[in-house]
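In this note's numbering, the protein residues as written are 4 to 80.
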Ligand SMILES: [Zn+2]
C-alpha cells in the first residue's frame, strides 16, 4: 500500500497536486479500513457457546450464505 502511494506521488511532477493526491488516497484508504472494521465489528450468534461475538471471531467459510462458519473460533478448537 505504501509503495503504491509512493510511486504515484513520485511520478507526479507538480508539488501541490502531489500532496492533494496523497491526501485523497489516504482518505480513500481510511474509508475502506473503516468499512472493513465496521463489518468485522458486526455481531454473529454462536449456537455452541450461545454468545453474540464479533464476526472477526468466526472463521471464513465461503460456502455459507454469510461467508462465515456457524461456530466461533473458540468453539471450533
Ligand atoms: Zn462459540
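Heads up, the beta-carbon is just placed ideally off N, CA and C, and yes, glycines get one too.
Item checked: Host beta strand (DSSP E) of residue 63 (start-end) -> 61-63 is the extent of the beta strand (DSSP E) around residue 63.
Checklist line | Span separating the alpha-carbon of residue 61 from that of residue 7 | finding: In this structure, the CA atom of residue 61 is about 31 Å from the CA atom of residue 7.
Note to self: Pop quiz: residue 57 and residue 73 are said to be a contact at Cβ under 8 Å. What is the actual Cβ separation, rounded to whole angstroms?
What the structure shows: A Cβ-Cβ distance of about 15 Å is found for the pair residue 57 and residue 73, leaving them out of contact under the 8 Å criterion.
Item checked: Best match in 21, 9, 27 and 75 for proximity to residue 53 [C-alpha to C-alpha] -> Of the listed residues, the one whose Cα sits closest to residue 53 is 75.
Check: Cβ of residue 54 within 7 Å of any heavy atom in ligand 1?
Finding: Correct: residue 54 has its Cβ closer than 7 Å to ligand 1.
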